[in-house]
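To start, the structure itself, in structure tokens.
What follows is the structure, given as structure tokens:
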């Protein structure tokens, strides 16, 4: 999963949004941490934003917002976080995104992490804005097939 997170990190640009889905312990925070660290000029600790809700990072590809909505109970809290403004030009990684689905950009990439074994995961990508992700995801797929 680390290699995939690094590859995804390399294709991100401002106003990209990743919706990270999966049950507790699937690896959403791990995936986010590895992606963020791979794009930091000086890799540093990347804590889970479970209690802070949002952590921001300056990276080689722009500002990344790491958001965890697990503890948020009402959509009104999303406005207070400034999430709609972040969607305009920041890279947003959103764990537990269901509460925000009405406001996420149509170009969001859904990343579903499924537990298939104690140390095994299956990752499914889906998107609706084909021109935004198709070529980039295809390049990653080709990398995996080649290796």
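In our numbering, the protein residues as written are 10 to 156. Where is the CB? At the ideal position from N, CA and C, for every residue including glycine. Quantities reported herein were computed from a predicted structural model and do not represent experimental measurements.
Roughly how many whole angstroms lie between the Cα atoms of residue i and residue j?
i	j	result
residue 113	residue 128	31 Å
residue 39	residue 45	10 Å
residue 87	residue 149	32 Å
residue 49	residue 125	30 Å
residue 72	residue 33	26 Å
residue 116	residue 60	27 Å
residue 4	residue 31	Lying outside 10 to 156, the shown extent of the chain, residue 4 is not represented and no answer is given.
residue 64	residue 25	16 Å
Mind checking residue i: buried by the 16 CB within 10 Å criterion, or exposed?
i	result
residue 122	buried
residue 77	buried
residue 133	exposed
residue 84	exposed
residue 138	exposed
residue 51	exposed
residue 157	There is simply no residue 157 to check, as the chain begins at 10 and stops at 156 in what is shown.
Output the boundary residues of the beta strand (DSSP E) element that contains residue i.
i	result
residue 129	129–136
residue 76	71–77
residue 65	63–68
Given a cut-off of 7 Å on the beta-carbon distance, is the pair residue i and residue j in contact?
i	j	result
residue 58	residue 75	yes
residue 47	residue 18	yes
residue 118	residue 142	yes
residue 20	residue 145	yes
residue 81	residue 108	yes
residue 27	residue 104	no
residue 43	residue 14	yes
Following the continuous alpha helix (DSSP H) through residue i, name the residue where it begins and the one where it ends.
i	result
residue 43	37–48
residue 27	First-last for residue 27: 26–30, but that is the beta strand (DSSP E), not the alpha helix (DSSP H).
residue 11	11–20
**Item:** Complete alpha helix (DSSP H) runs within the region 80–153 (minimum length 4 residues, chain order)
**Value:** 85–90, 92–98
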